[in-house]
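Enquirer: Sharing a structure, written as structure tokens. Questions coming.
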Amino acid sequence: MSEDAPPGGPGRPATFREVFAVREFRPLFGTYTLSTIGDELARVALTVLVYQRTESPLLSALTFALSFLPWAVGGPLLATVADRFPRHRVLIASDVARGVLVAGMAVPGTPLPVLLVLLLLVSLLAPPFESARSALMADVLEGERYAVATSLTNVSLQVAQVVGFVLAGGLVTVLSPSVVLLADAATFVVSAVWLAATLERRPAPAGEATEPSSVWQDTADGLRLIGRNPRLLAIIALLWTGTMFANAAEGIAVPLTDSLGEGPAQLGVLLAANPLGVTIGGLVVARVLGTARSERLMPVLVALSLAPLLLAGLVAVAAGPSRGAYALVVALLFVAGLGASWSIPLNVSFVQAVPSAYRGRAFGVAVSGLYGVQGLGALGAGLAAEQVPPGAVVALAGGIGLLAVVPPLLGFARTRPAVAGDGPAGGPSVP
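Per this note's numbering, the sequence shown starts with residue 1162, numbered consecutively.
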């Protein structure tokens, strides 16, 4: 545990200054923000490119979802790398490899199938990187400092998405996709250098096992840890269900914007609306509500993340192509983002329930499913948009989502007093 700064006093949240005073948090925070901006640039550029070539909502959604699907297929297995090797090495090696692959995508004239294969390979490196980063965050911060750091990281993710989406909407209209992809490759290179220069050299985390285990056994340990703990099961169910429906509309953002009579520049603004709402909502959760109060308000926040989607879809269907309808849809997506800040207290609850030596594997399972359901949601939305208007798909995602989150919300409320750590004891959970 880092001792660069004293924790916040009892009974009050830690301040942003106290969190940033932790030396290793700064590179973890900065590189994550930088890489996310580059990722959104590349994602939008490729999605627009595919839609322009094919005019297919399904293929456009497939391109958007492709970066998420490797989490569902191999995420839990790949995430075990974060618990088998020094976490700083996992972060640096993943960034170097991704920089090389994205640079290959930037070669002019690369056939579309090759681009998608390279995108898939880049995405396969995300599970070990994200699991190592999340586990290392919990190693260097604790208690309210971790809660505030989680809020800041979530806010940085949303700000980076806003910046990335808006920049992508403008850059795609004036620059070639190759230039945009080169910018993404540069973010990975800068991230690798920053992490190599600032992170402490820690050994691989030690668990309770006395003999070396296989990655398959490590993966099974992570799954068993969650499967035996009702609290973790409730958290995972709420996270996956709420996220799948709340983010499904992103997969059809291009045809939705087109149906409202707008172009690529407005696409960037539409995609940025929800992350901007999450940014503001995250700040409110971190500095005004606090973790405990936000957890009590979980049902309200979850409903607020889905109900505006239902309204936005109905507006898009009823109003048709017009600047007013577009503006109202963007405003409703922003409000949905405010509610989506429910993920912050849920993340804190998850960390509190997981022993330190198993965090890489547990995060791997959680994030694998998270990205997997995002990919499936985007694909489902794209498939539906082949048959019905994009606005109707958005309305269905919001309406069905409101019903689907009721069981996991009830499970989350029932398990709140439960003591976590029913899985293998590999280290103390965060108090």
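We put the beta carbon where it would ideally sit given N, CA and C, even for glycine.
Only a predicted model underlies this, so the values are computations on that prediction, with no experimental measurement involved.
Measuring only from the beta carbon, is I1561 closer than 7 Å to any heavy atom that is part of the ligand GTP?
Expert: Because no ligand of any kind appears in the structure shown, any question about the ligand GTP cannot be addressed here.
Enquirer: Within the continuous alpha helix (DSSP H) that includes S1504, where are the two ends?
Expert: Taken as a continuous stretch (DSSP letters only), the alpha helix (DSSP H) holding S1504 covers 1504-1513.
Enquirer: For the candidate residues T1197, R1245, S1337, whose alpha-carbon lies nearest to that of A1287?
Expert: For the residues T1197, R1245, S1337, the minimum Cα distance to A1287 belongs to T1197.
Enquirer: Just the Cα atoms here: how many angstroms apart are A1346 and A1574?
Expert: So the two alpha carbons sit approximately 43 Å from each other.
Enquirer: Roughly how many angstroms separate the alpha carbons of L1417 and A1542, rounded to a whole number?
Expert: Roughly 11 Å separates the two Cα atoms.
Enquirer: In terms of alpha-carbon separation, which member of L1360, S1352, A1556 lies closest to L1410?
Expert: Sequence check: residue 1410 is Ala here, not Leu. For the residues L1360, S1352, A1556, the minimum Cα distance to A1410 belongs to A1556.
Enquirer: Determine the direct distance from the alpha carbon of A1473 to that of T1371, and round the result to whole angstroms.
Expert: Note on T1371: pLDDT 40, under 50, position unreliable in the model; no value is reported.
Enquirer: May I ask which residues mark the beginning and end of the alpha helix (DSSP H) holding V1278?
Expert: Start and end: 1273-1285.
Enquirer: What separation, rounded to the nearest whole angstrom, lies between the Cα atoms of P1269 and L1437?
Expert: P1269 and L1437: Cα-Cα distance of roughly 33 Å.
Enquirer: Can you tell me the Cα-Cα spacing of L1458 and A1565, whole angstroms?
Expert: Cα to Cα, the separation comes out at about 18 Å.
Enquirer: Going along the chain, which residues of its own chain have a beta-carbon closer than 6 Å to the beta-carbon of T1194, five neighbours each way excluded?
Expert: These residues qualify, in order along the chain: S1317, A1321.
Enquirer: So, at 8 Å on beta carbons, what are the nonlocal neighbours of S1455 in its own chain, with the 5 sequence-adjacent residues on each side left out?
Expert: If we look at S1455 and ignore the five residues flanking it on each side, its Cβ neighbours are V1446, L1462, S1502, W1503, I1505, P1506.
Enquirer: How do the segment 1422-1429 and the segment 1198-1210 stand: do at least 3 beta-carbon pairs fall below 8 Å, yes or no?
Expert: Verdict: yes, contact present.
Enquirer: Taking the C-alpha atoms as reference points, what is the distance between L1540 and Y1532?
Expert: Whole-angstrom Cα-Cα distance: 12 Å.
Enquirer: Who are the near neighbours of T1363 in its chain, counting only those whose CB is closer than 7 Å to its CB and skipping five residues on each side?
Expert: The question names Thr, yet the displayed sequence has Arg at residue 1363. Cβ neighbours of R1363 beyond the five flanking positions: P1247, R1248, H1249.
Enquirer: For E1216, is the classification buried or exposed, using 16 other Cβ atoms within 10 angstroms of its Cβ as the cut-off for buried?
Expert: Its Cβ having fewer than 16 others within 10 Å, E1216 is exposed.
Enquirer: Determine the closest residue to N1508 out of S1255, S1312, R1385, with distance taken between C-alpha atoms.
Expert: Comparing Cα positions, the closest option is S1312.
Enquirer: For V1257 and V1180, I'd like the C-alpha separation in whole angstroms.
Expert: Cα to Cα, the separation comes out at about 27 Å.
Enquirer: Does DSSP put Q1322 in a helix, a strand or coil?
Expert: Here Q1322 sits in helix by DSSP.
Enquirer: Going residue by residue through the segment 1411-1467, where are the continuous alpha helix (DSSP H) segments of at least 4 residues, counting only ones entirely within it?
Expert: Here the runs fully enclosed are 1414-1420, 1425-1445, 1451-1457.
Enquirer: Counting C-beta neighbours from all protein chains within 10 Å, is the total for L1227 16 or more, i.e. buried, or is it exposed?
Expert: Result: buried.
Enquirer: Do you know offhand how far R1522's Cα is from T1314's?
Expert: Computed Cα separation, rounded: 20 Å.
Enquirer: Going along the chain, which residues of its own chain have a beta-carbon closer than 8 Å to the beta-carbon of G1572, five neighbours each way excluded?
Expert: These residues qualify, in order along the chain: P1391, L1394, A1395, A1398, L1399.
Enquirer: Tell me the rounded alpha-carbon separation between L1297 and G1199.
Expert: Using only the alpha carbons, I get a separation of about 22 Å.
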